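Mapping of the sequence shown onto the working numbering: position 128 corresponds to residue 130, and the numbering continues sequentially without gaps.
Ideal Cβ positions, reconstructed from N, Cα and C, are used throughout, including at glycine.
The model shown is predicted, which means the values in this text are computed figures rather than measured ones.
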Amino acid sequence: MPWWGILLIVLGALLLIGICVAAWWVSTFNKLVAMKNDVDEAFSTMDVYMKKRYDIIPNLVETVKGYAKHEKQALEDVMKARYSSMTANTPEEKAKNENWLSGTLKTLFSISENYPDLKANQSFQNLMESLKNIETEIANARKYYNAVVKNFNTKIEMFPSSFVARKHKFEKRVLFEIDDASERQAPKVEF
């Protein structure tokens, strides 16, 4: 075989390898873009449910305020936490403020336990039922968000897709986690 025939075979093999690498690069990039969009969509879905909760909170606070006038500080804390959660700009801030809001809502619920008339109020019961349903939706949305974030973070950290992720500046996303360590422990049940 003449030297130019060998050269054509080598060039053809190099071209084939180049095409395979380019196809892998494009495929990996497209997969990362799709996963990033899944993360953004999951966060938006969770944000919609949190917005519904933000809309219920003022009505709940006003209902409690009518019965528990001396619990002013707790009610103000709920509204501050609501505002902080609503105005958070990043997923990190949102997660931190959502944990704060959940804690203040627990305080609000414990206050309601001290007022039997409030617990019997139909408006309060309706608001609590709505809030309970929304909290369930938020929990489901958080699970989905955390699942897609885990998949995305895994993909951008694994070899060889980490090359594409670094080159195109794909960055890890934060998970929604519980800040308060006491909430992670199982409740103590006594009879």
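Near the ligand SAH: residue i beta-carbon under 6 Å from a heavy atom
i, result
"Ala-167", "Among the components of this structure there are no ligands whatsoever, and the ligand SAH is therefore not found."
Enclosing alpha helix (DSSP H) for residue i [first to last residue]
i, result
"Ala-141", "124–159"
"Val-176", "Segment: none, Val-176 is in no alpha helix (DSSP H) and carries neither H nor E."
"Lys-169", "163–169"
Cβ-Cβ distance between residue i and residue j below 7 Å
i, j, result
"Ala-149", "Met-48", "no"
"Val-176", "Val-41", "no"
"Tyr-69", "Tyr-117", "yes"
"Phe-178", "Ala-97", "yes"
"Ala-76", "Leu-103", "no"
"Ser-112", "Lys-121", "no"
"Ile-140", "Tyr-56", "no"
"Leu-110", "Asn-61", "no"
"Ile-136", "Lys-54", "yes"
Nearest-angstrom Cβ-Cβ length linking residue i and residue j, presumed shorter than 8 Å
i, j, result
"Met-81", "Phe-154", "Their Cβ separation, rounded to whole angstroms, is 34 Å, which puts Met-81 and Phe-154 out of contact at 8 Å."
"Ser-125", "Thr-65", "6 Å"
"Leu-78", "Ser-87", "As written in the sequence, residue 78 is Glu, which differs from the Leu given in the question. That belief does not hold up - the Cβ atoms of Glu-78 and Ser-87 are roughly 15 Å apart, past 8 Å."
"Leu-107", "Ile-58", "That pair is no contact at about 10 Å."
"Lys-157", "Leu-18", "No, Lys-157 and Leu-18 are not in contact; Cβ-Cβ is about 26 Å, not under 8 Å."
Those runs of the alpha helix (DSSP H) which lie wholly inside the region 48–107 and span at least 4 residues: 74–89
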